[in-house]
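Numbering (the working numbering), first residue to last: 11 to 508.
One structure is given below, encoded as structure tokens.
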Amino acid sequence: MKQRKAASPRRMPKLWAFQPTQRLPKKRGLKPSGVSHFPYFRISGRTVRSPRNTASFGTADFPNAHSSSSTSKVSFVTSTFTSFASSLTKKFSSRSFASFAKRVLLALCVAIAACGIAAHAQGLLSSPLGALVDQQRQHLAEALNARKPPLFFGSAFLEIGALLWMWHSGRAAALRDVLRRNLRNVHLLRFIYVWSLAMIAQIASLPAAIVAYRLVADAGLTQQSPAEWLGQSLSGTVVSAVLAGIIFSFMLMLAARTRFWYLFGAVFMVVFVLVAAFAEPVVFAPWIHHQQPLPTSALSARLYAVERREGVEVPVIVEESATGTGADSARVAGLGSTQEIVISDTMLQTATPGELEFLIARFAAHVAAHDNLKLDLYVSLWLIVAAAISVTLADRIGFRRDDDPLSRLALLGTFLGLAILLLLPVQAAYSRRLEARADHTALAATADPASAVRLMVRLANVDLLQVCPSPIIRRYFLSYPPIGSRIAAIRGGGDPCH
11 MKQRKAASPR
21 RMPKLWAFQP
31 TQRLPKKRGL
41 KPSGVSHFPY
51 FRISGRTVRS
61 PRNTASFGTA
71 DFPNAHSSSS
81 TSKVSFVTST
91 FTSFASSLTK
101 KFSSRSFASF
111 AKRVLLALCV
121 AIAACGIAAH
131 AQGLLSSPLG
141 ALVDQQRQHL
151 AEALNARKPP
161 LFFGSAFLEI
171 GALLWMWHSG
181 RAAALRDVLR
191 RNLRNVHLLR
201 FIYVWSLAMI
211 AQIASLPAAI
221 VAYRLVADAG
231 LTQQSPAEWL
241 GQSLSGTVVS
251 AVLAGIIFSF
261 MLMLAARTRF
271 WYLFGAVFMV
281 VFVLVAAFAE
291 PVVFAPWIHH
301 QQPLPTSALS
311 ARLYAVERRE
321 GVEVPVIVEE
331 SATGTGADSA
341 RVAGLGSTQE
351 IVISDTMLQT
361 ATPGELEFLI
371 ARFAAHVAAH
381 DNLKLDLYVS
391 LWLIVAAAIS
401 VTLADRIGFR
411 RDDDPLSRLA
421 LLGTFLGLAI
431 LLLLPVQAAY
441 SRRLEARADH
451 TALAATADPA
461 SAVRLMVRLA
471 NVDLLQVCPS
481 PIIRRYFLSY
491 PPIGSRIAAI
501 RGGGDPCH
């Protein structure tokens with residue numbers, strides 16, 4: 011049998027934790043000595059320089075380093091590693107302290123900001139109304155509200171008076187005769203006649219409109235020049251006259267063909283209002299305003315998330331403010347597939363994300379409850395009632411010698427204007443109820459009463475809305491609850507406006 015050769019020292023397994031290497035000094039040009047200070051040691055196969063304060067050992071003390079005891083090896087490695095870690099701690103201690111100080115300072119700033127936001131939110135929910143709104147702006151709003159009823163009723167009675175004068179003076183019959191001599195088509199004759207009466211009535215109210223524009227401009231609520239305002243007013247007047255011409259010419263055609271014209275007329279009125287509301291964001295709004303979809307951003311994702319929480323998915327449209335201020339220029343437009351939420355560009359730029367979320371939640375509540383459809387049907391109803399009242403009153407007035415159904419439309423328009431003035435508070439009350447319900451739904455959806463109150467304060471300050479207006483202002487001019495009532499409802503307190 012062959013005898014196995016003795017294992018070569020090179021093939022012997024190396025110690026995993028410690029192995030003195032006496033040949034390494036020769037590689038660095040150092041002379042070997044009888045006493046080895048072990049300037050190098052091996053840990054896990056890596057050669058690492060030992061610290062200067064490592065203990066020295068003689069070769070006599072370790073006749074065979076490979077067979078040294080485990081206790082000596084472990085204690086040496088432990089002391090060496092501790093010294094090495096201590097040197098690293100001393101080396102990087104200053105850098106670690108600076109980083110720690112920066113983190114502490116940042117955390118302190120965040121905590122101070124959070125405390126400030128919490129204190130501001132608590133102030134919005136507990137401070138008196140007088141401390142929230144700008145008192146100078148409130149005095150200005152009160153002054154504007156004091157002038158609003160005379161201007162409104164003055165404008166309405168100027169239109170009513172112009173129509174009454176046209177009928178009583180015979181000018182309406184004269185206008186009819188002129189049109190009959192030049193127009194052969196009876197339907198076109200009726201349309202042009204009604205359009206002319208509507209234009210005359212609205213032009214008669216122009217002085218009151220000019221005064222109202224000057225008041226609004228002096229208060230800083232619009233940046234439109236007189237020429238821009240006049241152009242927009244005339245375009246609106248023309249469109250309103252066209253709509254009036256379509257409605258009344260169709261009613262005259264029904265009256266000439268059937269005894270039950272009033273039933274068909276009521277159905278036509280409802281259909282006409284719904285079709286006009288459906289087409290408004292597609293046909294009329296792009297012609298009057300510059301609009302674009304809400305740009306994609308983190309804010310838009312938050313706003314659309316609010317919609318989805320209420321089970322609604324309608325586009326949000328940004329509209330260029332026609333007045334230059336328009337902080338509360340926001341609405342739901344359209345019906346069904348054309349519905350969209352429209353926000354002015356100034357509202358999008360100045361409102362906080364929380365305010366915008368509450369605003370979108372309000373409009374999403376309107377869409378989910380089909381409030382636009384309900385309001386349009388309600389408007390159609392009281393228009394039909396107003397038309398019935400005006401026809402009944404006009405029939406009790408005797409005919410003039412030159413009267414006919416066409417010329418008496420001026421008299422009918424007079425009583426229609428009076429009936430609308432009487433029924434306007436009913437329509438406003440119904441709208442206020444829908445708005446109050448939308449506020450309640452939006453507050454439950456966002457759970458952010460502070461942002462809701464902040465939005466109301468912004469509307470009061472920017473748009474000069476009186477916190478608690480007079481009863482006549484509330485009944486005739488407010489389609490939403492007063493700002494004071496809305497803030498009280500959000501806070502859960504008593505209504506200061508009643």
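Don't be surprised by glycine CBs; every beta carbon is placed ideally from N, CA and C.
Every value quoted in this text rests on a predicted model; they were computed, and no experiment measured them.
>> Going by DSSP, what residue range makes up the alpha helix (DSSP H) through residue 515?
In response: In this structure the chain extends from 11 to 508, so residue 515 is not present and cannot be described.
>> Out of 137, 162, 234, 189, which one is the CA nearest neighbour of residue 218?
In response: Walking along the sequence shown from the start, residue 218 turns up at place 208. The shortest C-alpha separation from residue 218 is found at 162.
> From residue 436 to residue 328, what does the alpha carbon distance come to, in whole angstroms?
Replying inline: Position 426 of the sequence shown, counted from the start, is the residue given in the question as residue 436. Position 318 of the sequence shown, counted from the start, is the residue given in the question as residue 328. Distance between the alpha carbons of residue 436 and residue 328: 31 Å.
> Leaving out the 5 sequence neighbours to the left and right, which residues in its chain are closer than 8 Å to residue 310 when beta-carbon positions are compared?
Replying inline: Counting from one through the sequence shown, the residue named residue 310 turns up at place 300. Only 304, 326 meet the Cβ criterion.
> Does DSSP classify residue 341 as helix, strand or coil?
Replying inline: Here residue 341 is taken as the residue at index 331 of the sequence shown, counted from 1. Looking at residue 341 - three-state DSSP - the assignment turns out to be strand.
> With C-beta atoms as the reference, is residue 471 less than 8 Å away from residue 147?
Replying inline: On the sequence shown, position 461 is the one that residue 471 refers to. On the sequence shown, position 137 is the one that residue 147 refers to. Yes, Cβ-Cβ distance for residue 471 and residue 147 is below 8 Å.
> Bridge partners of residue 302, per DSSP?
Replying inline: Looking up residue 302 in the sequence shown gives position 292. Answer by DSSP bridge pairing, in chain order: 328.
> Whose C-beta lies closer than 7 Å to the C-beta of residue 157 among residues of the same chain, with five residues either side of it excluded?
Replying inline: Taking the sequence shown and counting its residues from 1, the one referred to as residue 157 is at position 147. So the qualifying residues of the chain are 225.
> DSSP three-state call for residue 407: helix, strand or coil?
Replying inline: The sequence position of residue 407 within the sequence shown is 397, counting from 1. Three-state DSSP puts residue 407 in coil, outside helix and strand.
> Of the choices 446, 134, 151, 404, whose alpha-carbon is the least far from that of residue 480?
Replying inline: In the sequence shown, residue 480 corresponds to position 470, counting from 1. The candidate whose alpha carbon is nearest that of residue 480 is 151.
> Per DSSP, which one or two residues make a beta bridge with residue 352?
Replying inline: The residue you call residue 352 lines up with position 342 of the sequence shown. Note: residue 352 sits in a beta bridge opposite 327, 341.
> In whole angstroms, what separates the C-alpha of residue 422 from that of residue 401?
Replying inline: Sequence index remark: in the sequence shown, residue 422 carries index 412 (1-based). Sequence index remark: in the sequence shown, residue 401 carries index 391 (1-based). Residue 422 and residue 401: Cα-Cα distance of roughly 6 Å.
> DSSP three-state call for residue 232: helix, strand or coil?
Replying inline: Taking the sequence shown and counting its residues from 1, one reaches residue 232 at position 222. If DSSP states are grouped into helix, strand and coil, residue 232 belongs with coil.
> How close, in whole Å, do the beta carbons of residue 340 and residue 352 come, if the pair is a contact with beta carbons under 8 Å?
Replying inline: If you number the sequence shown from 1, residue 340 lands on position 330. If you number the sequence shown from 1, residue 352 lands on position 342. The pair is a contact, with the Cβ atoms about 6 Å apart (cut-off 8 Å).
> Roughly how many angstroms lie between the CA atoms of residue 506 and residue 498, to the nearest whole one?
Replying inline: Here residue 506 corresponds to residue number 496 of the sequence shown, with the count starting at 1. Here residue 498 corresponds to residue number 488 of the sequence shown, with the count starting at 1. Distance between the alpha carbons of residue 506 and residue 498: 7 Å.
> How should residue 195 be labelled, buried or exposed, when 16 other C-beta atoms within 10 angstroms of its C-beta is the threshold for buried?
Replying inline: Here residue 195 corresponds to residue number 185 of the sequence shown, with the count starting at 1. The residue in question, residue 195, is exposed, as its Cβ has fewer than 16 Cβ neighbours within 10 Å.
> For the candidate residues 179, 145, 387, whose alpha-carbon lies nearest to that of residue 276?
Replying inline: Stepping through the sequence shown from its first residue, residue 276 is reached at position 266. Looking at the Cα atoms, 387 is the closest of the given residues.
> Could you give the distance in angstroms between the alpha-carbon of residue 461 and the alpha-carbon of residue 109?
Replying inline: Mapped onto the sequence shown, residue 461 falls at position 451. Mapped onto the sequence shown, residue 109 falls at position 99. Answer to the nearest angstrom: the Cα atoms are 36 Å apart.
> Terminal residues of the continuous alpha helix (DSSP H) containing residue 292?
Replying inline: Locating residue 292 in the sequence shown gives position 282, counting from the first residue. No alpha helix (DSSP H) holds residue 292; DSSP gives it neither H nor E.
> Can you tell me whether residue 324 is buried or exposed, with buried defined as 16 or more other CB within 10 angstroms of its CB?
Replying inline: Here residue 324 corresponds to residue number 314 of the sequence shown, with the count starting at 1. Buried is the call here.
> Once you ignore the five residues that flank residue 263 on each side, which residues in its own chain have a CB closer than 8 Å to its CB?
Replying inline: Locating residue 263 in the sequence shown gives position 253, counting from the first residue. So the qualifying residues of the chain are 197, 200.
>> My output table needs one value for residue 336: the three-state DSSP class, helix, strand or coil.
In response: Along the sequence shown, one-based indexing puts residue 336 at 326. Unreliable placement is indicated for residue 336, whose pLDDT of 49 sits below 50; the coordinate value is still reported in the next sentence. Coil.
> Where do the N-terminal and C-terminal ends of the alpha helix (DSSP H) with residue 143 fall, by residue?
Replying inline: Locating residue 143 in the sequence shown gives position 133, counting from the first residue. Neither: residue 143 is in no alpha helix (DSSP H) and is coded neither H nor E.
> In this structure, does DSSP put residue 152 in helix, strand or coil?
Replying inline: Taking the first residue of the sequence shown as 1, we reach residue 152 at position 142. Looking at residue 152 - three-state DSSP - the assignment turns out to be helix.
> By Cβ distance below 7 Å, which residues in the same chain neighbour residue 485 in space, the five residues on each side in sequence not counted?
Replying inline: Your numbering for residue 485 matches position 475 in the sequence shown. For residue 485, where only same-chain residues beyond five positions count, the Cβ hits under 7 Å are 435, 438.
> Ordered along the chain, which non-local residues of its own chain (more than five positions away) have a Cβ less than 8 Å from that of residue 368?
Replying inline: Reading the sequence shown from its first residue, position 358 is the one you call residue 368. These residues qualify, in order along the chain: 452, 453, 456, 458, 461, 462, 465.
> How many whole angstroms separate the CB atoms of residue 374 and residue 343, which I take to be in contact at a CB cut-off of 8 Å?
Replying inline: The sequence position of residue 374 within the sequence shown is 364, counting from 1. The sequence position of residue 343 within the sequence shown is 333, counting from 1. In fact, because the Cβ distance is near 14 Å, the residues do not count as touching under 8 Å.
>> Just to confirm before moving on: does the CB-CB distance between residue 205 and residue 281 stay below 8 Å?
In response: Within the sequence shown, the letter at position 195 stands for residue 205. Within the sequence shown, the letter at position 271 stands for residue 281. No. Outside cutoff.
> For residue 195, which of helix, strand or coil comes out of DSSP?
Replying inline: For the purposes of this step, residue 195 is taken as the residue at position 185 of the sequence shown. Here residue 195 sits in coil by DSSP.
> Tell me which same chain residues have a C-beta within less than 6 Å of the C-beta of residue 424, skipping the five on either side of it?
Replying inline: Counting from 1 along the sequence shown, the entry for residue 424 is found at position 414. If we look at residue 424 and ignore the five residues flanking it on each side, its Cβ neighbours are 170, 173, 174.
> Excluding the five sequence neighbours on either side, which residues of its own chain have a C-beta within less than 8 Å of the C-beta of residue 221, listed in chain order?
Replying inline: As a first step, residue 221 is located in the sequence shown; it is residue number 211 there, counting from the start. The answer, listed in chain order, is 161.
> What residues in its chain sit with their C-beta under 8 Å from that of residue 193, if we drop five residues either side in the sequence?
Replying inline: Numbered from its first residue, the sequence shown carries residue 193 at position 183. Only 199, 202 meet the Cβ criterion.
> So is residue 318 buried or exposed if we call it buried at 16+ other beta carbons inside 10 Å?
Replying inline: Position 308 of the sequence shown, counting from 1, holds the residue named residue 318. Classification of residue 318: exposed, given that the 10 Å Cβ count is below 16.
> Out of curiosity, what's the CA-to-CA distance linking residue 290 and residue 345?
Replying inline: For this step, residue 290 is matched to residue 280 along the sequence shown. For this step, residue 345 is matched to residue 335 along the sequence shown. Using only the alpha carbons, I get a separation of about 9 Å.
> Given a threshold of 16 other Cβ atoms within 10 Å of its Cβ, counted over all protein chains shown, does residue 445 qualify as buried or as exposed?
Replying inline: One-based indexing of the sequence shown puts residue 445 at position 435. Per the 10 Å Cβ criterion, buried.
> Excluding sequence positions up to five away, which residues of its chain have a Cβ less than 8 Å from the Cβ of residue 95?
Replying inline: Indexing the sequence shown from 1 puts residue 95 at position 85. In this predicted model, residue 95 has a pLDDT of only 48, less than 50, meaning its place in the structure is not dependable; the value taken from the coordinates is given anyway. Cβ within range, chain order: n/a, list empty.
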